[in-house]
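A.B. asks:
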Amino acid sequence: MSVSGEVVVAIRGVDEASSAMDKVRASLGVFSGVIGELGGGFTSLGNVISGFAGAGVMGAASAAVGEVVKGLQDCFKSATQSEEVWNRLAATVERSGVSWESARTSIESFASSAEKMTRFSDEQIAAAMKTLIDHGMSVEQAMKAMTQTMDLAAAKQVSLGEAANAVGKAFIGMERPLRSMGVVLDESVPKGKEFATAMEMISQKFGGAAQADVESYAGKQQMVANAFDNLKERIGSALIPVMNSLQDMWGKVVLGADQFVTDLGKVWKGFTELPEVQKMAEGLSKAWLD
262 MSVSGEVVVA IRGVDEASSA MDKVRASLGV FSGVIGELGG GFTSLGNVIS GFAGAGVMGA
322 ASAAVGEVVK GLQDCFKSAT QSEEVWNRLA ATVERSGVSW ESARTSIESF ASSAEKMTRF
382 SDEQIAAAMK TLIDHGMSVE QAMKAMTQTM DLAAAKQVSL GEAANAVGKA FIGMERPLRS
442 MGVVLDESVP KGKEFATAME MISQKFGGAA QADVESYAGK QQMVANAFDN LKERIGSALI
502 PVMNSLQDMW GKVVLGADQF VTDLGKVWKG FTELPEVQKM AEGLSKAWLD
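The sequence shown begins at 262 in my numbering and counts up one residue at a time.
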């Protein structure tokens, strides 16, 4: 084969390889878009795949490193937000006169079980329980009322927080929020039995709504999102002690610097109060004025 023929073959080979690579990249680009549209934990995966599509292996490596950093930041944020929710519930339980340590296991177990059977996350359940206890319920009453509260939220398509607020207000005799959601008590209900009757009505009208809700596509998608969030929280929880240690370290550095400045000021004050220094200052002052 002539040299020119070899060049033509080589050019054709490169052209065909480039064309094939372009098709692969185009396919990856479309796939990354579909993955990214799913949202939640899929977004980062879509961005990494987009790195492959856009810039080959090196670009993908850079994209992956960037996504890992973003992912860790997201995990840390999720863990701290979760910790804040549970700390607030713990404080509320303590204020109600119950030791958090004595109630913690049963509450966490309930929230974890409910999360597996509904679209609500354990943090949403914990926040709703806090709302119920804030309205005067005991821990036991709040846990018992959570079933109806979740069913009410699912049936009326409102947030769990809104449903908990309505149930909590009904507990203290304010029935208007529940009435607006279709739970209307008539005048034949004996005085003092209003709340118990309202809970029975919710069970009769909406019982099982929270569990049935997860059979829908949106419900299943939310359960997957909750599972991703729990994974992020576990990773982020491992980062919290590290970040706390760094905060403590920087706090000591700042305090140390502050103390150094304070000590330096004391030394300088002591120096200026020495008789010899004061005489020197007086002499300089007189010479300056003259």
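Glycine residues also receive a C-beta, built at the ideal position from the N, C-alpha and C atoms.
Computed from a prediction, not measured in an experiment: that's the story for all the values here.
How about ALA457: is its Cβ closer than 7 Å to a heavy atom in the ligand NAD?
C.D. replies: The ligand NAD is not part of this structure, which contains no ligands at all.
A.B. asks: Please state the DSSP three-state secondary structure of LYS401.
C.D. replies: Going by the sequence as given, residue 401 is Glu instead of Lys. GLU401: helix per DSSP, three-state reduction.
A.B. asks: Can you grab the Cα-Cα spacing for the pair LYS430 / ILE463, in whole Å?
C.D. replies: In a straight line, the C-alpha of LYS430 is about 15 Å away from that of ILE463.
A.B. asks: How long is the line joining the alpha carbons of GLU369 and LEU446, rounded to whole angstroms?
C.D. replies: Rounded to whole angstroms, GLU369 to LEU446 spans 33 Å at the Cα level.
A.B. asks: Closer than 7 Å by C-beta to VAL484: which residues in its own chain qualify, once you throw out the five before and the five after it? Chain order, please.
C.D. replies: The question names Val, yet the displayed sequence has Met at residue 484. These residues qualify, in order along the chain: ARG380 and VAL475.
A.B. asks: On the criterion of 16 or more Cβ atoms from any shown chain inside 10 Å, does SER340 qualify as buried, or is it exposed?
C.D. replies: Sequence inspection shows Ala at residue 340; the Ser mentioned does not correspond to that position. ALA340 is buried by the Cβ-count criterion.
A.B. asks: Expressed to the nearest angstrom, what Euclidean distance is found between the alpha-carbon atoms of ALA352 and TRP361?
C.D. replies: Taking the straight line from one Cα to the other gives about 8 Å.
A.B. asks: State whether the segment 421 to 428 contacts the segment 375 to 393, with contact taken as three or more CB pairs (one from each stretch) at a distance under 8 Å.
C.D. replies: Yes: at least three Cβ pairs fall under 8 Å.
A.B. asks: Mind checking PHE454: buried by the 16 CB within 10 Å criterion, or exposed?
C.D. replies: According to the sequence as given, residue 454 is Lys; it is not Phe. The residue in question, LYS454, is exposed, as its Cβ has fewer than 16 Cβ neighbours within 10 Å.
A.B. asks: From ILE394, MET404 and GLU534, pick the residue whose C-alpha is nearest to that of VAL354; which is it?
C.D. replies: Of the candidates ILE394, MET404 and GLU534, the one whose C-alpha sits nearest the C-alpha of VAL354 is ILE394.
A.B. asks: Assuming SER343 and GLU384 form a contact by the criterion Cβ under 8 Å, report the distance between their Cβ atoms to the nearest whole angstrom.
C.D. replies: 5 Å between Cβ atoms; contact.
A.B. asks: Out of curiosity, what's the CA-to-CA distance linking ALA486 and ARG356?
C.D. replies: If you take the alpha carbons of ALA486 and ARG356, they lie about 33 Å apart.
A.B. asks: Could you have a look at SER374 and say whether DSSP puts it in helix, strand or coil?
C.D. replies: Helix.
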